[in-house]
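Residue numbers (the numbering used here): 12 to 88.
Each remark here refers to the structure printed beneath this line.
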C-alpha cells in the first residue's frame, strides 16, 4: 500500500507509550515524558497537549486497565 494512503500522526515527544480511542474520530496518547495528547483523525498533529500530566513510568510498568484493552495499543516508537 503506498504511503500516500496512510495518515501518519507525529508527536513531539520522544516515545509514545500508549494510546486509546475515545470516539470514532479522536484518541488520546500518553508519552514517556509524562504528556497526554488529544488527537483528531483529521489532523496530523495533536489538537491539545497536557505536559507533565502523569508521572513517568518505570520500565516494564503494566498499563493494563488504563483503557479498554480491545482499543488499546502499547509500544515504543
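Don't be surprised by glycine CBs; every beta carbon is placed ideally from N, CA and C.
Applying the 10 Å Cβ sphere with the 16-neighbour rule, what's the burial state of residue i?
i	result
residue 34	exposed
residue 37	exposed
residue 23	exposed
Whole angstroms is fine: what's the gap from residue i's alpha carbon to residue j's?
i	j	result
residue 59	residue 26	17 Å
residue 40	residue 63	13 Å
residue 52	residue 32	10 Å
residue 18	residue 47	20 Å
Grab me the residues of residue i's own chain with a C-beta within less than 7 Å of its C-beta, minus the 5 sequence neighbours each way, in chain order.
i	result
residue 56	21
residue 50	20, 37, 38, 40, 57, 58
Item to complete: Pick out the complete beta strand (DSSP E) segments inside the segment 21-70, 3 residues or longer, and give them in chain order.
Response: 27-32, 37-42, 47-51, 59-61
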